[in-house]
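One structure is given here, and the rest of the page talks about it.
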Amino acid sequence: MRALIVYSKERKVEQLAKGLSEVLEKGNCQVQLLEANTNTSGPISGAAYDLVILGSPTLGFFGGKIADDLTEVCSRITRLEGKNAAAFVTSKPFGTTKSLKAVMGLLEKQGAMVQDFAVLQSRADIQQFGKRLLRLLNR
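So this note's numbering is basically just the index in the sequence shown, starting at one, shifted up by 106.
Laid out in C-alpha cells, this is it:
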C-alpha cells in the first residue's frame, strides 16, 4: 500500500501531515510526504499511489478558504482519475466544512474519488483518521 500526502506549508498542517504519516506507516503503508511548493512547475504523478491525501489550513476570518499553494500544486497532480482520495483541514470555530468541501473539490475536479475527510486538531484526531484510512486501504 502506498499513500501520497500533499500538504500546505503552514506549520500546523505540516505537523498534522507528519503525524498522519506515522500512523499510516505503523499500518505497513509506504507514505510520501510532499509539501505544496509553488517554486516548482513539473507534473506530479499520482499513478503509483493507492491513496492521495490533501491537507490545508482553514483560512479566512470565518474560515471557508484553503491555502493557495495547495490549490496550485493540486492542479499539477496527474493520473488521479478513479484514484481513492482523502482530505483534511485544520480546526477553526467557523468555516471548516466549507474548507473541507473546497479541498475535496480539488480532488474531485481531477477525477479522484474522495473516500474520507476530517477536521484535525489533536493527536487523537490524527489517530482516528489514520485508522480509518488504513481500513480503506485494506479493503
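Where a beta carbon is used, it is the ideal one built from N, C-alpha and C, also for glycine.
- Taken through DSSP and simplified to helix, strand or coil, residue 161 comes out as strand.
- For residue 223, the number of other beta carbons within 10 angstroms of its own is at least 16, and it is reported as buried.
- The beta carbon of residue 137 sits closer than 7 Å to those of 109, 111, 127, 130 and 131, all from its chain and outside the five residues before and after it, given in chain order.
- A direct Cα-Cα distance of roughly 18 Å separates residue 113 from residue 203.
- When rounded, the separation of the alpha-carbon atoms in residue 173 and residue 245 is 31 Å.
- In the DSSP secondary-structure assignment, residue 226 is bridged to 196.
- Rounded to whole angstroms, the Cβ separation of residue 176 and residue 152 is 15 Å, and the two are not in contact under 8 Å.
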